[in-house]
Structure formats: structure tokens, C-alpha cells
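First up is the structure itself, then whatever we jot down about it.
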Amino acid sequence: MIYQTIHLDKEHLEVTLTTYIPAPSSEYQEDKKTPAVIVCPGGVYQFLSDREGEPIALRFNTGGYAAFVLRYRVGTEGQALQPGLLFDLGRAMAYVKDHAREWRIDAERISICGFSAGGHLCASYASLWHESWFAKELGEPKEKLRPYAAILGYPVTDMLLMRDKNRECPTELMELTNIAMFGEKNPGEEVLRKYSPVYQIGEETVPCFIWHTAKDELVDLRNSLRFAEKLYLHQIPFQLFVYPFGMHGLALSNSVTDCGEGSVREDAEGWFEAMKKFLEVLEESATPKG
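Take any residue in the sequence shown, count from 1 to its spot, add 31: that is its number in our numbering.
Shown next as C-alpha cells:
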């Protein structure tokens, strides 16, 4: 295993990329390039969930992927993070592509995978990677920033929906999240819409795999339903799995990421194999016949 932690931003030393790359061996698949994934843990932009980091990366390893865990910047009171979070992920993508040959990675098949707040980040990146302002900020050509696909676990995609739900059942969590993302407790509708991935989808949005539970008590299922509908309307390849039961933050949904309180659901555990099949189908559809 090639395991190392890389600092991506001199101004934000907390932003790191940890590698989980199977070491090369002459015994098997010596010349084969592997697909890769950059994992973005959740944590309501207040912290980064360990359950949605290394265990996810190691699961991808067993599935034949090189994996990376991005520790993007998280909130401190009064510090606006957007669009800095997108730049963190963009730098990670560019770094992996720059080292793809060294690590025997297929540079055309580097996906992003996020959970909850990390799902919000990846859902936004899936549509905004090609924007000129984004490439200019990072000093990279647009194509180097393109992900192969986005894998979204119980993602936040509609900040307006989250605001309305919070008005029905007020919690301090929404205010803390807003402070972390925008630097204020109650940002206006224009700001919330601007940073809602459901309103960012366009023809350049990459294929998406989405999974959620109908009983998610923290992130309303409609975040994923509305996002999937917009993907459909824009004819972007996607797959959506909705599991009937399960709490928010299931991660792998098995004993590896068990934190008690119903965090193991055997039915929802199937999201990983379903996601792998989705990515395989994408590859097959892109391969010329004959």
C-alpha cells in the first residue's frame, strides 16, 4: 500500500489528501491502470467524519480502486468557506491526475465520492468543474479538473429545501452550517440557490450515482429526488437508490462503520456493489464496439 498524506494548499495546511494506493506487484495486473476515487467525508462542514473517510477508501481498495481521502477545510465561526471548498477538491483532482502515471491510475476514470456535506461538495463539483472562473483560480486546464463520475451518499443538494425544513423544525445545526459555508447564520435566497447543486446541473454535469434512505432524519430525501429529476431532465446518466429504512450517516452501512443507534442496515449495504456496477456500465457504454 502506498500510504502518504499530502498538503494541497500552503495557505490552508489543514487541507490534505491521503493516499490509499495498492502497491504495484509483478504477480498480477502489472501493466493495468486502475480507476480511482477521491472520497469527501461529511460532517455538516463542522468536522470531517472518520467513518466516511478511511473505511470508505479501504472498501474501494477491495473493489480494485486506488483511493484518496480529502480533508477539506471545515468551518470556524465567522469564516466563509465557499467557494474555497470547491478549490480544495479541484486541487485534489489535479494532483491525482498529475501523478496518475506514477501511481498507475487511469486518469480518465477518477471519480469523486461524498457523503452528506461531502455529498453537497461533490454534487456541486460535478456541475461546476468546467466553469472558467474555477479553472482560472486553480491555474489548470478545464479537462484536468473533470471527474469521471460523482458518487453521492445522502447528499444535501437543495439549500432552500433545507432552510424551509429548518423553519418547520428549528435547530442550531442549520445556523452553524450556514456560518461555516457563508459566514452568516441566515444567508439570503440568492446565496442559498447559488450553492444548491440541484440548480447547477447542466449539460457538462458528469454521471451521478445517488443513494439515500427514506427515513433520513437529518437530510430530507427530497434532496436526492429533486437532484435525480434534474439529471433526468438534462439527460445526464444517473442511478438513484432509495432504501426504505435507515438513519442519516450510514456510511458503509455494515459492521465496519457501525456507531450504534441503527447504523447497520443490510439492505442499504448493497449501495457499494450497485455503485460499482453503475461505473462499469458507464465504462462499457463509452467503449467503442467492434
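C-beta atoms are modelled at their ideal positions from N, C-alpha and C, and glycine is treated no differently.
| Asked | Found |
| --- | --- |
| Opening and closing residue of the beta strand (DSSP E) in which Glu139 lies | Ile136 to Phe146 |
| Sufficient close CB pairs (3 or more, under 8 Å) joining the region 136 to 154 to the region 62 to 72 | yes |
| Test item: CB-CB of Ala123 and Leu48 under 8 Å | yes |
| Alpha-carbon spacing of Glu292 relative to Lys246, whole angstroms | 14 Å |
| Start and end residues, alpha helix (DSSP H) containing Gly115 | Gly115 to Asp129 |
| Collapsed DSSP secondary structure at Trp302 in the structure displayed | helix |
| Unbroken alpha helix (DSSP H) run spanning Tyr263, endpoints | Arg253 to Leu264 |
| Inter-residue Cα distance where the pair is Gly233 and Ala211 | 27 Å |
| Pick from Tyr103, Ser316 and Arg135 that is closest to His151, judged by C-alpha positions | Tyr103 |
| 6 Å CB neighbourhood of His265 in its chain, flanking five on each side removed | Ile232 |
| Nearest-angstrom Cα separation, counted from Ala180 out to Glu171 | 19 Å |
| Other residues of its chain near Ala166: CB distance less than 7 Å, five sequence neighbours each side excluded | Pro172, Lys173 and Leu176 |
| Three-state class that DSSP yields for Thr188 in the structure shown | coil |
| The alpha helix (DSSP H) enclosing Thr208, as first and last residue numbers | Glu203 to Phe213 |
| C-alpha distance - Leu117 paired with Pro275, whole-angstrom precision | 32 Å |
| Own chain, CB closer than 7 Å to Ser227, minus 5 neighbours either side, in chain order | Thr188, Asp189, Met190 and Leu191 |
| Alpha-carbon spacing of Ser294 relative to Gln77, whole angstroms | 21 Å |
| Under the three-state DSSP convention, the category His151 falls into | helix |
| Residue environment, Met306, which counts as buried when at least 16 other CB atoms sit within 10 Å | buried |
| Assigned exposure category for Met32 - 16 Cβ within 10 Å defines buried | exposed |
| DSSP-derived helix/strand/coil call for Trp160 | coil |
| Cut-off 8 Å between Cβ atoms - residues of its own chain near Ala54, not counting five sequence neighbours on either side | Met32 and Ile33 |
| Test item: CB-CB of Lys64 and Ile182 under 8 Å | no |
| Residues bridged to His14 [DSSP beta-bridge criterion] | Nothing can be reported for residue 14, as the shown portion of the chain is limited to 32 through 321. |
| Where Thr288 falls, given that 16 or more other Cβ within 10 Å makes a residue buried | buried |
| N- and C-terminal bounds of the beta strand (DSSP E) containing Arg102 | Ala97 to Arg102 |
| Pairwise C-alpha distance: Asn254 and Ser147 | 10 Å |
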